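For reference, the structure is listed below as structure tokens.
Protein chains: 2
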Amino acid sequence: MARKSLVGVVADELLDRIISGEFPPGSSVPGELELSARHDVSRMTVREAMKTLEAQRILSVERGRGTFVNPLNRWSSLEAVLRAASEGQNGPAAAVQLIELRRMLETGACELAAQRITDDELDGLRNCVADMRKAHQANNVASFVAADLAFHDQILHASENVFVAVLFEPLHRVLEKGRTETSKVPDIQEHAIGHHQNIFEALAARDPRQARNAMDAHMQQTLDDLRSYVLEA
Amino acid sequence: MARKSLVGVVADELLDRIISGEFPPGSSVPGELELSARHDVSRMTVREAMKTLEAQRILSVERGRGTFVNPLNRWSSLEAVLRAASEGQNGPAAAVQLIELRRMLETGACELAAQRITDDELDGLRNCVADMRKAHQANNVASFVAADLAFHDQILHASENVFVAVLFEPLHRVLEKGRTETSKVPDIQEHAIGHHQNIFEALAARDPRQARNAMDAHMQQTLDDLRSYVLEA
DNA sequence: ATTTGTCAGATGTCAGACATCTTGCGTCTG
DNA sequence: CAGACGCAAGATGTCTGACATCTGACAAAT
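So the protein lines, in turn, are chains A and B. Take the first sequence: its position 24, counted from the start at 1, is 24 in the UniProt record's numbering, and no numbers get skipped. Take the second sequence: its position 68, counted from the start at 1, is 68 in the UniProt record's numbering, and no numbers get skipped.
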């Protein structure tokens, strides 16, 4: 499944070589002709692969001079930075930093949502929590995770901030797997239900500070869960 | 200066047409041949322009079917989303949302930095505040803004979180102009110096909560400044 | 009615060519 | 000898035309 196009393959391999340190930031990557020979593709294919990396600000192309690797803090692709940061022994550290980032965005969005949430959205949240309870009693992990994600999505939407949603989207994909893992434990499910209930009540009261604190507690517990899993693995 | 390449022009124009609503999310954009005729460029140029938009998850290309516009919340380019959100009457609202986002990231980073900042980095912050004072007395707006930005950059770096830095970088560029405007007012400069001094002291005390509150107050003031400017304009 | 063949249209890839920009090196001049 | 000039090598930018492959729909055969 998902046979990748050649340009995708070339882009991935080149990014791998960059991340592995073969082409450190500031240095130049091989010319288009050399790369097309190495990967046995045409120059156009190499160019299109380069364009995708350039669009993510991983490469800077300078006409007549060559193509250069940007410093990591200029990259605009969370996924690429994640791949780079997860190299070697930094995997766990990167995971923790991701949770930290998620915590900033979710607590902030929750605080905003408390001031802007509509009654309809509150109803939606109430249903999400109810679904989580049902799924918990029915021992249905998939439904539980779905309701969990829907809850957070609803809050994100209620924050009425497009940019937060945009920044959060890539995180969503990355964190999805880990979430399904931790949610398998019944105890963690119960804790999560309690936290979500608290968040809901704070939002229903339209109290920004309380909403923020409730979400913060939830994030803190998620971080603790992750630490436990990383330690035991 | 900065004569853009053809593919940049084509990509910009196509993005403009998307943002203007000519191609709403879910719909398809014209085929490569049609676009190459419209813009009077070759098909390869159109393809490379498409590739840049695809890399930013603005477009989804499906072989044999066509190229489709993704919903706005899937876009991974803050700048593109900003352009889309600023259309029509939404300019001020988008600006406020940007500040809200910045607030989340900066307060979060500041809280983290309080736990991790080194003595050297504290010295750097002290120097930044001193530079702001000097620039204020010398009435040098450019130096003032530079020291201001350096201060925030230092905190971002001290947070030791790569992802926050990555997400913040595009914000940096967007907010730079507005910052130079508000910093022209002497009163605002004085307020800013006070806030930065408070932030520095909280970080020096390595007190996360206090650091967060200090940065939050600073962000709140920035938001108020912006509102005043938007109202009077 | 279901299957199969075919075709139009879209994207994917290739090859070769020419244009333009940057840089360094050699040469010509003062 | 120093500086200006010019030229060629190497890199990216663009164009042209062609062929390959995938998708979806319609028509023909079973």
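All residues carry an ideal CB built from backbone N, CA and C; glycine is no exception. The structure displayed is predicted, hence computed values, not measured ones.
How would you label residue i, buried or exposed, when you count the other beta carbons within 10 angstroms and need 16 or more for buried?
i                      : result
N139 of chain A        : exposed
S159 of chain B        : buried
T52 of chain A         : buried
L175 of chain B        : buried
F32 of chain B         : Checking the sequence shown, residue 32 of chain B turns out to be Glu, not Phe. Looking at its Cβ environment, which holds 16 or more other Cβ atoms inside 10 Å, E32 of chain B is buried.
R103 of chain B        : buried
G108 of chain A        : buried
T45 of chain B         : buried
S20 of chain A         : exposed
E62 of chain A         : exposed
P24 of chain A         : exposed
S5 of chain B          : exposed
residue 256 of chain B : Because chain B here runs from 1 to 233, residue 256 of chain B falls outside it and cannot be looked at.
When the Cα atoms are used, what is the spatial distance from residue i to residue j?
i                      : j               : result
residue 246 of chain B : H157 of chain B : In this structure chain B extends from 1 to 233, so residue 246 of chain B is not present and cannot be described.
V69 of chain B         : S27 of chain B  : 6 Å
A95 of chain B         : D148 of chain B : 20 Å
N73 of chain B         : F163 of chain A : 8 Å
Q221 of chain A        : A114 of chain A : 21 Å
D16 of chain A         : A55 of chain A  : 17 Å
L78 of chain B         : M132 of chain B : 30 Å
V166 of chain A        : H191 of chain A : 28 Å
S143 of chain A        : A130 of chain A : 11 Å
R179 of chain A        : V141 of chain A : 11 Å
S42 of chain B         : S36 of chain B  : 5 Å
A217 of chain A        : L122 of chain B : 29 Å
G66 of chain B         : I18 of chain B  : 15 Å
A93 of chain A         : S86 of chain A  : 8 Å
N161 of chain B        : Q137 of chain A : 38 Å
V7 of chain A          : E48 of chain A  : 6 Å
L98 of chain A         : F168 of chain A : 11 Å
R57 of chain B         : A146 of chain B : 33 Å
A12 of chain A         : H195 of chain B : Strictly speaking, residue 12 of chain A in this sequence is Asp, with Ala absent from that position. C-alpha separation (whole angstroms): 45 Å.
K177 of chain A        : D187 of chain A : 19 Å
A211 of chain A        : V185 of chain A : 26 Å
A84 of chain B         : P71 of chain B  : 12 Å
H39 of chain A         : M50 of chain A  : 13 Å
L125 of chain B        : T182 of chain B : 22 Å
Look up residue i in the DSSP assignment and say whether it is helix, strand or coil.
i                      : result
V185 of chain A        : coil
F68 of chain A         : strand
residue 235 of chain B : This structure does not reach residue 235 of chain B, given that chain B is present from 1 up to 233, and the question cannot be answered.
E62 of chain B         : strand
R206 of chain A        : coil
F23 of chain A         : coil
K51 of chain A         : helix
K177 of chain A        : helix
E201 of chain B        : helix
D40 of chain B         : coil
E87 of chain A         : coil
Q221 of chain A        : helix
R17 of chain A         : helix
Q56 of chain B         : coil
S77 of chain B         : coil
S5 of chain A          : coil
Are there any heavy atoms of the ligand GDP lying less than 8 Å away from the beta-carbon of residue i, as far as the coordinates show?
i              : result
V81 of chain B : Here there are no bound small molecules, and the ligand GDP is not part of this structure.
### Query
Are the region 99-119 of chain B and the region 201-211 of chain B touching by the rule of at least three beta carbon pairs closer than 8 Å?
yes
### Task
For the region 171-191 of chain A and the region 207-227 of chain A, state whether three or more C-beta atom pairs, one from each stretch, are separated by less than 8 Å.
yes
### Query
Fully enclosed by the region 139-171 of chain A, which beta strand (DSSP E) runs are 3 residues long or longer?
none
### Message
Restricting to runs no shorter than 4 residues, where is the alpha helix (DSSP H) found entirely within the region 100-140 of chain A?
### Response
119-138
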